[in-house]
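Here's the structure we're looking at; comments come further down.
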Amino acid sequence: MQTRDHKTELRRPMLTAWTLALTMALCGVLFLWLQAAAAPDDEIRAQSTTDDAHVAAPAIDDSAHPPGKHDDGGGDDDDNGNRVDLEGFVVNTPTAFQGKWVISVSASVTKVVTVNDQTDVTDFNNVLPLPGAYIKVRGVSHPDGSLIADRIRPDEFEDGQVVVRLKSSTTLTGIIAHYDLVLVSRILESANIYLFETDEDEESELSQLFQDSRVQWAELNYVNGIPKNPEGDPYRTWKWGGPDAEYVNQGAFAQVNLAPALAKYQGDGIRIAVLDTGVALTHTALISHLVPGRDMIQDDNTPQDECCGPGQGHGTHVAGIIAAIAPKSEIMPVRVLDTYGRGNTFVLAYAIEWAVKNGADVINLSLGADFDSAVLSDAVASAVNGGVIIIAAAGNDNSPLPRYPAAYPHVLGVTAVDAARVKAPFANGETWVDLATPGVGITSTVVGPQGNGYGIWSGTSMATPFVAGAAVLARQRFPNASVDEIGNRLFVKGDDINPENPGYQDEVGRHLNIGAALIDQPEPAAFSLFMPVVERP
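Residue numbering for the sequence shown follows the numbering used here, beginning at 9 and increasing consecutively.
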């Protein structure tokens, strides 16, 4: 029988910035949102926006609050009226690099950018980005309204920022003086980890820091977020169910054999942190489950799932699944992603540390990236050593490449299957995946421009909270068990679904069976062949 020990052998090379292929963007809603946003340049709706799609560095504050995150998506440079920097999602590109690119810079504004033979596109390594990829553009705006790009690059890291872990004997002032760095945040100072700004080229600065004997490691402040790529038909729908729809036609709970476990365990007093886009704090289905959390983006105590980007509702949907599986658990929302579903590793690492300090027993991470990050790895390892169970999404690229933090040792990596327990077309799979759960057409709580309600969403993000909810029940059932003991129990007691997935032998993990994992005399797992009727909103 396969065991989870295979993850301890997984190689996790530290990748340099120019080799990264960011695992970002969104679940099925993104595709439709981008299509709706696409418009010719003369049809661009020049409305003001409240999205916060860019991570901005705050002034240093020794009171230990995280970097904030705000930007309007672009604008003219103060020193040169026709110089423009903007960022956003790719809606479409020409068949080659040169030509017209359509970029969505907010939920209501798109921009057509011209790429010519003078445009620097070297950071793409001759591979055109797919729709949904997040990019940064620098160019010149002309009086006729056209925008000619000087440079386009993937948005893989925060401009001008480096994260450094110093050796215990190193003085902070000495490093700052030597490299002319500006200290942005010391919120991870207990681990000698700091966020700096630099006016130098980030990669050149890193090269010097790597060679400094006073530095344990240094890396870019990588961007991460909820899993990217629109899922294939017929799952590209975020169906609005209205405020009273509830969990209609939800065969997924029977598929994971929840009922036997729920009859005995409901997660009483177990605290689960949901690190995501926030939660709809006034949703009637969630109010009784919520305990105080934190907004790491706005730096306040109101982690509301904000309007109006394509990521809105993601954290609320995740929280609703957990509430249904562990109805007496304490859900602690921690907002680490903006309304676009984007964040960075430094903030995420701090949020994990904050959640642990504030009593989290379980952490749900329906997010990730395709690179290994030292600051994230250290934060995860510290949390696990403290007895916290961490569950993370495998990603939506239909790829075997490891995704982090799902691929880290001692983290439960979760992929998505349909109602027949077959790997979803979009779902990642490989031996670093531990468990598979329903992730297609999942009904749960959402919030959007229409208000609070219920909606259908698909993705490994939706599969992850099934395991997180199970981990909550398992922690109640086995209060003295170690993190690995609970993880191994959920894994070993899961169902073998290799027969249903002949092309993915041992690459989808085992199918979650909550009843078998928690009840000494397990009942046979029951599952439904329900496939949701997907309707256009």
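Every residue, glycine too, gets a C-beta built ideally from N, C-alpha and C.
Check whether residue i and residue j have beta carbons under 7 Å apart
i    : j    : result
T451 : Q263 : no
A269 : I522 : yes
V422 : L443 : yes
I143 : V98  : yes
V344 : A363 : no
T324 : V448 : no
G275 : A334 : yes
W109 : T101 : yes
T472 : S374 : yes
V129 : I160 : yes
R302 : E338 : no
G168 : D158 : no
Y273 : Q484 : yes
V287 : D252 : no
E213 : V170 : yes
T353 : G319 : no
N156 : T181 : A small correction: the amino acid at residue 156 is Ile; Asn does not occupy that position in the sequence shown. Not a contact, by the Cβ cut-off of 7 Å.
Backbone CA spacing between residue i and residue j [nearest angstrom]
i    : j    : result
F218 : L228 : 12 Å
D241 : N404 : Interpretation of D241 is limited by its pLDDT of 32, a score under 50 that renders its predicted location unreliable; no figure is taken from the coordinates.
S407 : L520 : 21 Å
W225 : L174 : 7 Å
T179 : A141 : 40 Å
L203 : N372 : 25 Å
R222 : V282 : 36 Å
P48  : V117 : Summary for P48: the model assigns pLDDT 32, below 50, so the residue's position carries little reliability, and this model does not support an answer.
L294 : A331 : 7 Å
V480 : V135 : 42 Å
V370 : P139 : 34 Å
I111 : K336 : 44 Å
I329 : L356 : 22 Å
D125 : Q106 : 7 Å
V516 : A260 : 17 Å
D207 : P507 : 55 Å
S390 : S296 : 30 Å
P74  : Y358 : In this prediction, P74 scores a pLDDT of 49, lower than 50, which makes its location untrustworthy; no coordinate-derived value is stated.
D504 : A524 : 13 Å
S210 : S381 : Note that residue 210 is Glu in the sequence shown here, rather than Ser. For E210 and S381, the distance between alpha carbons rounds to 16 Å.
F305 : I398 : What sits at residue 305 in the sequence shown is Ile, not Phe. Taking the straight line joining both Cα atoms gives about 21 Å.
P137 : D163 : 11 Å
R194 : T310 : 22 Å
E438 : L266 : 26 Å
G502 : N496 : 10 Å
I576 : E205 : This structure leaves residue 576 out entirely; the chain is present only between 9 and 545.
S176 : A185 : 18 Å
D152 : G96  : 22 Å
S154 : P300 : 47 Å
F486 : R518 : 21 Å
F379 : Q458 : 36 Å
D514 : D131 : 35 Å
P510 : A271 : 34 Å
Residue from the options whose Cα sits closest to the Cα of residue i
i    : options                : result
S385 : S407, P417, P410       : P417
A199 : V441, V516, V388       : V388
V92  : V145, T130, F132, V135 : V145
K365 : V396, D307, N124       : V396
S149 : N100, V120, Q126       : V120
V500 : S177, L526, R483, A476 : L526
A548 : A427, V383, K431       : Residue 548 lies beyond the range of the chain shown here (9 to 545); nothing can be said about it.
G233 : T468, G495, N496       : T468
G394 : D378, F379, E361, P413 : E361
Q216 : V190, S176, S177, V172 : V172
L298 : W465, D131, M340       : M340
R429 : Y512, D131, E95        : Y512
L289 : D220, A271, G456, F379 : G456
A427 : P413, S466, Q458       : S466
Expected contact under 8 Å - CB spacing of residue i and residue j to nearest Å
i    : j    : result
G321 : G463 : 7 Å
V255 : F165 : Here residue 255 turns out to be Tyr, not Val, going by the sequence shown. About 39 Å; that fails the 8 Å criterion.
N460 : H291 : 4 Å
G376 : R350 : Not a contact, Cβ separation roughly 12 Å.
V491 : V392 : 5 Å
F474 : P446 : 7 Å
A482 : L498 : 6 Å
A400 : W440 : Actually they do not touch by this definition, with Cβ atoms about 11 Å apart.
I201 : V383 : 6 Å
Residue-level contact to chain B via CB, residue i, 7 Å cutoff
i    : result
A104 : This model lacks chain B altogether; it includes just one protein chain.
Beta strand (DSSP E) runs contained entirely in the region 86–163, provided each spans 3 or more residues:
88–100, 107–112, 118–123, 142–149, 155–162
I'd like the ranges of any alpha helix (DSSP H) spanning at least 4 consecutive residues and lying wholly in the region 342–395.
Qualifying alpha helix (DSSP H) stretches, in chain order: 353–365, 382–393.
Mind listing, in chain order, the continuous beta strand (DSSP E) runs of no fewer than 3 residues lying wholly within the region 271–303?
Fully enclosed beta strand (DSSP E) runs of no fewer than 3 residues occupy 279–284 of the region 271–303, in order along the chain.
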